[in-house]
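So the sequences go chain by chain: A and B. Just so we're aligned: the first sequence equals residues 1 to 517 in my numbering. Just so we're aligned: the second sequence equals residues 518 to 840 in my numbering. Working notes, beginning with the structure itself.
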Amino acid sequence: MHTYLCSAALVAVLAAPAFAADFKFAVTTDPQTMDPHAVNSAPVLGFLNNVYEGLVRRGKDMSIEPSLAASWEPIGNGEGWRFNLRRGVTFHDGAEFNADDVIFSYERASHEAADVRSWFAPVSSVVKVDDFTVDIMTSAPNPIFPDSIANWMMMDSGWAEANGAARPDKESGNYATLNANGTGTFRITAREPDLRTVLEPFGGWWDTAEHNITRAELTPIQNSATAMSALISGDVDFINPVPIQDITRLQQNPDVNVIQGVEARVIMLGFDQQAGAAESGQGASDLFLDARAREAVAKAVNVPAILQTIMRGNAAVASQLVSPAMRGFSEAVTPYAHDPEGARALIEEAGIAGSTVNFKCPNNRYLNDESVCQAVTSMLAQVGLEPVLNAMPVQNYWPELRADNFDMYLLGWSPGTLDAEHPIRFLGSTPNGEKKLGSWNFGGYSNARVDELLPRIQSEIDDGKRQKMLDEVATIISDEVAYVPMYVQPLVWGARSNIALTQRPDNFFILRWVTVN
Amino acid sequence: MLSFMLRRVGQSILVLLVVGLVAFSMFRFVGDPIDNMLGQERTLEDIERLEQQLGLDRPFPVQYLRFLEGAIQGNFGVSYRQGREVSEILLERAPATLELAAVSAVLAILLGIALGVYTAIRRDGFVANFIMSTSLIGVSLPTFLIGILLIYLFSVELNWLPSFGRGEVVDLGGWTTGLLTASGLKSLILPSITLGLYQMTLIMRLVRSEMLEVLRQDYIRFARARGLADRTIHFRHALKNTLVPVVTIIGLQLGAIIAFAIITETVFQWPGMGLLFINAIQFVDIPVMAAYLMLISVMFVAINLIVDILYAFIDPRLRVAGK
C-alpha cells in the first residue's frame, strides 16, 4: 500500500510538467481595462480576479474565505472590522504587501474617479493599526461588509505612485489601464487590448497552485459562430458563453463538454408605477398604478412555457429578485402561478381590457431577451391586453427607461454583493438621488415599509433577525407585484473535454481551478 | 490642368465635411455610451457628471465642430472603451486590415484575370462552363455565409486551417505583419478568399466579356491570318486591350475591399479596423466610430480623386468641358 501511494505520488509529480499546458480561452467581451478600481463590470473584475487579490476571496461555492487577510473579526458592537493581513505576500514585481497597500487601495478605490467606490459607502475610515493589521470602521454596524469586498483588489502603493497611476483614470487611461501588478496566481506578460492578453503563473504566489497552466491566453471573440468553430476545431480550449440554441449540438460532440449552471442574474418584468407617468414619458399610461393590473400580468405570463421553448429547458423559475444561490434568499415567497382565467378576471375587474401596454425590451443584453419579450407579448394579448412591443439595442434601451417612455419593461439583475439586500437597495427602494437609493427603480415603485426596513437590514448583525426582515421585504414586494420575477438566467460554458474547471454563479472564470489533462 | 485638380480637391473636401456631418448626426441614434462606461452601481449624479465631461450634453453642431477642430490637428480624441488615443488604436489596427485587403486584392486580380482569359478562350469547354456557373456562387452568396462555410469545412471538419485570428505576427517597427510566419500565412488564407471572392468573380466576368468582344475584332482576325501563334494573339494583342476598363474597376474596388472587410473581419475575428468599428458601435464608442468613418471616406475620396485625375491624363476630353 505504502509503495503504491509513493509510486502514485511519483507519477503525479512526473506527469504534472508533461501535462502542464498552454490554455487558450475566448470570451465575448474583452476586459476594457486592467485597472481593478476603474470599472465595475463582470468582464473586468472576473478576469482581474486571476491577477489581483482582495483581503477576502470567494471559494468554489461562493463562500467567503481568507485571501490577503488571514483572518478578520468584528470590532466592538459593530463599529467596524479588523483584518489581520497575511505575512510574506509579495506583488508580482517583488514588493512586499502590507497595511500601507490596504490604505492606499482604499483611497484609490473610493476615489471619485473609481467606479467601485459605492462598495465603500458604509465605510467611515480605514486605520492602520500596525504593518499587518487594518481596522475598517463603518458608520453603522455592517454584518456583510467582508462579503461585499471580495472584489476589492489590492494594489501596491509604490508601484502605482512610481508609474503615475495613483488614481484610476477610466476616461483617458493611465499606466494601470494596460499594466498590472497584483499578488494573484497569474501575472500579465502581454496585453494587447481587444486582441489578446497573456498570463503566466506567478512563481512567488503565497498559496499552493491547483492548476497546471504554464501559459494562458485570452482572446475576445464577439461572433458566437466563430467562437463555436474555434472551440470545436480546438483553436481555443474554452468559450463563454455558448449560445442556448447550440447546446444540444455541442453535447453530441465527444471532444467538447458543456458546463451548465445557474447565473446570479434574475430576469424580471418591471412596471411604471408613478402617478402622472402619462405626462412624464412618451406613450406611458397610468395603467400599472393599479396593483390588479400588475397581478394580472404575473398570472398571464407562463414562465415554464417560456423556459421550455425559448430557453430549451436550461433555466430555472425565479420566485423573487434574487436566485436561491444568494445569501438572504427568502423561502417565504413562491413563484406566481400561471392562471390565465384569473388574469382575465382581474383585467375585467380593473376595467382595463383592451388597454395598450407600451412594452420596452432590449434585444442584445440578456440571453434571448427579444424572444422572451415576444412570448410575454402574446401571453398578455391572450388575456385581453394590447401590448405593443418595442425591442431595441441596450445602448438605446437605458436612456429610454430613464426617460420613462414605458409601461412595462424587461430587466435582469445580478447582485454585485451576492446578497438579497442588493436588489432592495437598487430596485425596491423609493428612488432617492441623495441617499443613492433606487437608482435602477425605473418604474418608481415605492413602499414605506421597505424603505424603513432597508437600513435596518443593512446594519443587523444577527443573521436570524436579518433574514426575518429580508423575508418581510420579499413578501411585500411579491404581494404588491412590484416586479414579476421570471427566471434565473442560465450560465453555459463550453470547454474541450480534457479541461477540468469550476463554474461559479457569478460567471467569473477562475484560472487557478483549471487543469488541462 | 492645375485648376482642374484644385477644383477636384475642393470638391473632395466638401464631400468629406458632408460625410462627417451625416455620420455625426447619426451617432445620436446609435445610443448612449454612458451606461456602458459606468457600472451597475452608478448613480444619476455619475451619469450627469460623465455626460458633461464627455461633452455629450452639448448640442450636436457644437460636438461636430469640436470633433472637426481636433481632427484637423490630427487628434481624434480618446476611445470611451479602451481609454487610449483613437489614432494610436487605428494605427495599431491598420496593418491587419491593409494586409488582408492587399492579399485579397492580389488574389482577386491574378485569379480573376487568369480565369477570365481562360473562360473566354475556351468559351464552350466543360471546365470553362463549370467555372462560370460556380462563379455565380461568389456573386450571389453573402460574404459572412461564405466565411462560415469555409471555417466549417477547413477548420472544423478538416482541421487544416485556423478558424479565427491572425496567427503569430512579427512587429516591424510599428507595422505588424503576419506574412513572415507560418501561422500568420495559414491564418490569411480563409479570410482573404472570403474577402476577395466577390471581387474575383467580378473581375473574371468582366475580363471574359471584354476578351470575347476583343476576340471578335478585325485586327485579331488579321493577326490569325498572318499566322501568329495563339498565345501571342491572346496575351499580346487581345489581353492588353481588354485591361483598360478592368484597371478602372480594380481601382474602384480596392476601396470597397477595405470597407467590406468589416464583415470578413467579424466572422474571422480578424483584428483589423473593421472589427474595431463593429465593437465600437456596440459600445457606442463615438470617437472611434467618427475616426473610422472619416478615414474610410478619406480613402474613397482619395481613390476617386486619383481615378479622376488619371482619366484626365488618359483622355484630354475630360479636362473640364469648354476649356
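Beta carbons are placed, not taken as given, at the ideal position from N, Cα and C, and that holds for glycine.
Quiz item: Could you give the residue range of the beta strand (DSSP E) that holds A:T219?
Solution: 213-220
Self-check item: Backbone secondary structure at A:K299 - three-state DSSP
Solution: helix
Quiz item: Taking 8 Å as the CB-CB cut-off, is A:T430 touching chain B?
Solution: no
Exercise. Note down, in chain order, all residues in the stretch 229-249 of chain A with a beta-carbon under 7 Å from any beta-carbon belonging to chain B.
Key: S229, A230, I232, S233, D235
Quiz item: What distance in whole Å lies between the Cβ atoms of A:L68 and A:F97, which are believed to be in contact at a cut-off of 8 Å?
Solution: 6 Å
Self-check item: B:I775 beta carbon less than 8 Å from that of B:A841
Solution: Since the first residue shown for chain B is 518 and the last is 840, residue 841 of chain B is missing from the structure and cannot be characterised.
Practice problem: Only counting runs of 3 or more residues, tell me where the beta strand (DSSP E) segments fall wholly within the stretch 169-230 of chain A, in order along the chain. | Solution: 186-192, 196-201, 213-220
Quiz item: Is the beta carbon of B:S709 sitting closer than 8 Å to the one on B:P679?
Solution: no
Quiz prompt | Touching by the beta-carbon criterion (3+ pairs, under 8 Å), the stretch 218-229 of chain A and the stretch 447-463 of chain A | solution = no
Quiz item: Where do the ends of the alpha helix (DSSP H) carrying B:L614 lie?
Solution: Correcting the residue type first, residue 614 of chain B is Thr in the shown sequence and not Leu. Per DSSP, B:T614 belongs to the alpha helix (DSSP H) from 603-638.
Quiz item: Going straight from the alpha carbon of A:V317 to that of A:A140, what length do you get?
Solution: 36 Å
Quiz item: Would you say B:V801 reaches chain A, if we count a Cβ-Cβ gap shorter than 8 Å as a contact?
Solution: yes
Quiz item: Buried or exposed: A:T553, going by 16 or more other Cβ atoms within 10 Å of its Cβ?
Solution: Look at the range of chain A in this structure, 1 to 517, and you will see that residue 553 of chain A is not part of it.
Quiz item: Within the 8 Å Cβ cut-off, does B:R738 reach chain A?
Solution: no
Quiz prompt | The alpha helix (DSSP H) enclosing B:Y736, as first and last residue numbers | solution = 735-742
Quiz prompt | Three-way DSSP call (helix, strand, coil) for A:Y409 in this model | solution = strand
Quiz item: Taking DSSP as the reference, what is the three-state secondary structure of A:I267?
Solution: strand
Exercise. Specify the secondary structure class of A:Q308 as computed by DSSP and reduced to three states.
Key: helix
Exercise. With a 10 Å radius around its C-beta and 16 neighbouring C-beta atoms as the bar for buried, classify B:V526 as buried or exposed.
Key: exposed
Quiz item: What does A:G416 reach in chain B if we use C-beta pairs closer than 7 Å?
Solution: Q557, E558
Self-check item: Neighbour flag for A:A345 against chain B, beta carbons, 8 Å
Solution: no
Quiz item: Of the residues that make up the stretch 173-198 of chain A, which ones have a beta carbon closer than 9 Å to any beta carbon in chain B?
Solution: G173, N174, T177, L178, E192, P193, D194, L195, R196
Quiz prompt | Positions along the stretch 215-229 of chain A whose CB lies within less than 7 Å of some CB in chain B | solution = T219, I221, Q222, N223, A225, T226, S229
Practice problem: Rank A:K435, A:R456, A:L389, A:F442 by C-alpha distance to the C-alpha of A:E421 and give the top, closest one. | Solution: A:R456
Quiz item: Taking C-beta to C-beta, are A:N189 and A:V198 nearer than 8 Å?
Solution: First, the residue type needs correcting, since residue 189 of chain A is Thr and not Asn in the sequence shown. Closer than 8 Å, so yes.
Practice problem: Taking only the alpha-carbon atoms, compute the straight-line gap between A:K24 and A:I221 and give it to the nearest angstrom. | Solution: 12 Å
Practice problem: State whether the stretch 737-751 of chain B contacts the stretch 784-799 of chain B, with contact taken as three or more CB pairs (one from each stretch) at a distance under 8 Å. | Solution: no
Quiz item: For chain A, is any of its Cβ atoms less than 8 Å away from the one on B:R575?
Solution: no
Quiz item: For A:Q308, which residues in chain B fall below 8 Å Cβ to Cβ?
Solution: Here the premise fails: no neighbours, minimum Cβ distance about 29 Å.
Practice problem: Measure from the alpha carbon of A:G428 to the alpha carbon of each residue in A:G203, A:Y445, A:K436, A:G412, then state which is nearest. | Solution: A:Y445
Self-check item: Distance between A:E331 and A:S323 (C-alpha atoms, nearest Å)
Solution: 11 Å
Quiz item: What do you get for A:P36, buried or exposed, if any count of 16 or more other CB atoms within 10 angstroms of its CB means buried?
Solution: buried
Quiz prompt | Separation of B:N796 from A:G494, as counted between CA atoms | solution = 23 Å
Quiz prompt | A:I144 (DSSP reduced to helix, strand or coil) | solution = coil
Quiz item: What does A:W152 reach in chain B if we use C-beta pairs closer than 8 Å?
Solution: Here the premise fails: no neighbours, minimum Cβ distance about 13 Å.
Quiz item: Starting from A:W518 and walking both ways along the beta strand (DSSP E), at which residues does that stretch end?
Solution: Outside the displayed span of chain A (1 to 517) sits residue 518 of chain A, for which this structure offers no information.
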